[in-house]
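Under UniProt numbering, the residues of the sequence shown are numbered 1 to 518, in order.
Cβ atoms here follow ideal geometry from the backbone N, Cα and C, with glycine treated the same way.
For clarity, every value in this text was computed on a predicted model and none was experimentally measured.
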Amino acid sequence: MSADHGDSSARPGRNLLRDPRDRRLNRIAGPSSLVLFGVTGDLARKKLVPAVYDLANRGLLPPSFALVGFGRREWTNEDFVAEVKANVKAYARTPFDESVWEQLSQGIRFVQGAFDDETAFKRLRATLEELDDQRGTRGNYAFYLSIPPKAFEQVCRQLSESGLAQAENDKWRRVVIEKPFGHDLESARQLNDVVESVFPPDAVFRIDHYLGKETVQNILALRFANQLFEPLWNANYVDHVQITMAEDIGTGGRAGYYDGVGAARDVIQNHLLQLLALTAMEEPISFDADDLRAEKEKVLAAVKLPDDLSTHSARGQFTGGWQGGEKVLGYLEEEGIPADSTTETYAAIRVDINTRRWAGVPFYLRAGKRLGRRVTEIAVVFKRAPNLLFRDFAEDDFGQNAVVIRVQPDEGATIRLGSKVPGTQTEVRDVTMDFGYGHSFTESSPEAYERLILDVLLGEPPLFPRHNEVELSWKILDPFEAYWAGLDEQPEPYAPGSWGPASATELLARDGRTWRRP
Ligand code: BG6
Numbered sequence: 001m002s003a004d005h006g007d008s009s010a011r012p013g014r015n016l017l018r019d020p021r022d023r024r025l026n027r028i029a030g031p032s033s034l035v036l037f038g039v040t041g042d043l044a045r046k047k048l049v050p051a052v053y054d055l056a057n058r059g060l061l062p063p064s065f066a067l068v069g070f071g072r073r074e075w076t077n078e079d080f081v082a083e084v085k086a087n088v089k090a091y092a093r094t095p096f097d098e099s100v101w102e103q104l105s106q107g108i109r110f111v112q113g114a115f116d117d118e119t120a121f122k123r124l125r126a127t128l129e130e131l132d133d134q135r136g137t138r139g140n141y142a143f144y145l146s147i148p149p150k151a152f153e154q155v156c157r158q159l160s161e162s163g164l165a166q167a168e169n170d171k172w173r174r175v176v177i178e179k180p181f182g183h184d185l186e187s188a189r190q191l192n193d194v195v196e197s198v199f200p201p202d203a204v205f206r207i208d209h210y211l212g213k214e215t216v217q218n219i220l221a222l223r224f225a226n227q228l229f230e231p232l233w234n235a236n237y238v239d240h241v242q243i244t245m246a247e248d249i250g251t252g253g254r255a256g257y258y259d260g261v262g263a264a265r266d267v268i269q270n271h272l273l274q275l276l277a278l279t280a281m282e283e284p285i286s287f288d289a290d291d292l293r294a295e296k297e298k299v300l301a302a303v304k305l306p307d308d309l310s311t312h313s314a315r316g317q318f319t320g321g322w323q324g325g326e327k328v329l330g331y332l333e334e335e336g337i338p339a340d341s342t343t344e345t346y347a348a349i350r351v352d353i354n355t356r357r358w359a360g361v362p363f364y365l366r367a368g369k370r371l372g373r374r375v376t377e378i379a380v381v382f383k384r385a386p387n388l389l390f391r392d393f394a395e396d397d398f399g400q401n402a403v404v405i406r407v408q409p410d411e412g413a414t415i416r417l418g419s420k421v422p423g424t425q426t427e428v429r430d431v432t433m434d435f436g437y438g439h440s441f442t443e444s445s446p447e448a449y450e451r452l453i454l455d456v457l458l459g460e461p462p463l464f465p466r467h468n469e470v471e472l473s474w475k476i477l478d479p480f481e482a483y484w485a486g487l488d489e490q491p492e493p494y495a496p497g498s499w500g501p502a503s504a505t506e507l508l509a510r511d512g513r514t515w516r517r518p
């Protein structure tokens, strides 16, 4: 087993999408410490800590790995180890294995302190250096800022002043930041200036966890590893594209974060625009980070906003009511939400892409909470066949083929096509051809955070958006946000368990189309 794979820069052109399971043993993190800021937050407890354990359980972390928590709680190392263990048991994807845990827990430490406490950062440094000596983590540190963005500046400054941000010789230092990357274009720039004034751009890993999902990576595999789709993947054949991210939950106790942010900033600016970019981009010359990001950026830069934002956008807020046999609160009644909040819990927009490939093909994006069910999908809907020989026998919407990439749940892809109904008549109806990950592969997909944390430790950046992508995405969203803010009114109410407000249906109806019912 090779232990030192801490940096992949010596292996240019490695194809990350061809990371077959039988070669996985080559993707083992090198000696390193992962420092978690925000250890008591939901994300750290439910996703990050379990993902670290799952990586260890899959043999992808070296014996010389350490996990260091930093926080205000009055915890000892033992308290933190117990907390990590409880979270692993509750949320890890893979089964609990005592010997894996034994090995991992030896390298777990807690540093108590506040972000404004210089001495706490000195203690952090001392702890990391001690781990270098005791566990052979070799001075390689990744700092994961799972904290509110307003604290980024202070933590980055402290890391810099305590000498932790700068790497010497062959050691590395990396910083991981979670979305939201700002609130709009201007704040995103300010945030970036702060982070990049301390860490060089290639040491900054921005997490958009959708890019860590297997099915999202599969968009590129589906498009570029097959001959079947690409010839049709353009304005000559495609009628429109629908990208949906529906959730059946409310804000899930995250009122403090969600209110004032809303559906569009929360997920359209990042997850959905990334899905749009992957769906619409040209084939990159390689899957190296720069090549991949350059193609995504070209698409984002070519996005054309509608002339009339009022008819090409919709927003809503869920009311209280019944959902799946359960009584649920309305957004305004959820704990911590001001009774007059104008934050939207549903948003839909139409954009176009000004390129030869996509001119005239609308991309409809929608995201919402408390909708009919949890589903994220990309539907590429094709034009009808030019000569509808079977018209007399068809249903109304017959003949519009669609390729639907199901990001979650039931990960896979579906092709909708017309087929003859068995019988003596020539009746044709739409049917679906289905590929499901669960049927084709026996192993379950890793969680997005497993993949992304491993990539951070390996120093592999393709799945992390760079700052320019973030800026381009805000440039797309800011005008919609400004338009909505200018309305100064409550978003349109919609019932829980429905598919959003009436204005979203009208948005497509005006174009003579309907939303798919996922
Ligand atoms: C996060 C959003 O980025 O994605 C949340 O902030 C949302 O509001 C979550 O619930 C959904 O993630 P997933 O992986 O469950 O689709």
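When DSSP states are grouped into helix, strand and coil, residue 50 belongs to the helix group. Here residue 316 is bridged, per DSSP, to 346 and 492. Shortest Cα-Cα distance from residue 92 to any of 53, 66 and 224 involves 53. In the same chain as residue 403, and ignoring 5 residues on each side of it, the C-beta atoms closer than 6 Å to its own belong to 380 and 415, in chain order. Residue environment analysis places residue 441 among the exposed positions, since fewer than 16 neighbouring C-beta atoms fall within 10 angstroms of its C-beta. Bounds of the beta strand (DSSP E) holding residue 368 are 363 to 368. Counting along the chain, residue 408 sits inside the beta strand (DSSP E) bounded by residues 402 to 408. Shortest gap from the CB of residue 209 to any heavy atom of the ligand BG6: under 7 Å.
For the 8 Å CB-CB criterion, residue 177 and residue 206 form a contact.
With 16 or more other Cβ atoms from the protein chains shown falling within 10 Å of its own Cβ, residue 220 counts as buried. Taken atom to atom, the span from the alpha-carbon of residue 216 to that of residue 275 is near 7 Å. DSSP, reduced to helix, strand and coil, places residue 181 outside both helices and strands of the structure shown, so it counts as coil.
Cα atoms of residue 138 and residue 124: separation of roughly 15 Å, rounded to the nearest angstrom.
Excluding its 5 nearest sequence neighbours in each direction, residue 267 has C-beta neighbours in its own chain below 7 Å: 245 and 367, listed in chain order. Short note on residue 376: C-beta closer than 7 Å to some heavy atom of the ligand BG6.
Beta-bridge partners assigned by DSSP to residue 304: 352. Taking a 10 Å sphere around the C-beta of residue 251, we find 16 or more other C-beta atoms and assign the residue as buried. With a cut-off of 7 Å, the C-beta of residue 247 is classified as near the ligand BG6, since at least one heavy atom of the ligand falls inside that distance. The residue among 202, 189 and 283 with its C-alpha nearest the C-alpha of residue 458 is 202.
When DSSP reads this structure, residue 321 sits in a beta bridge with 328.
For residue 408, the CB falls within less than 7 Å of some heavy atom of the ligand BG6.
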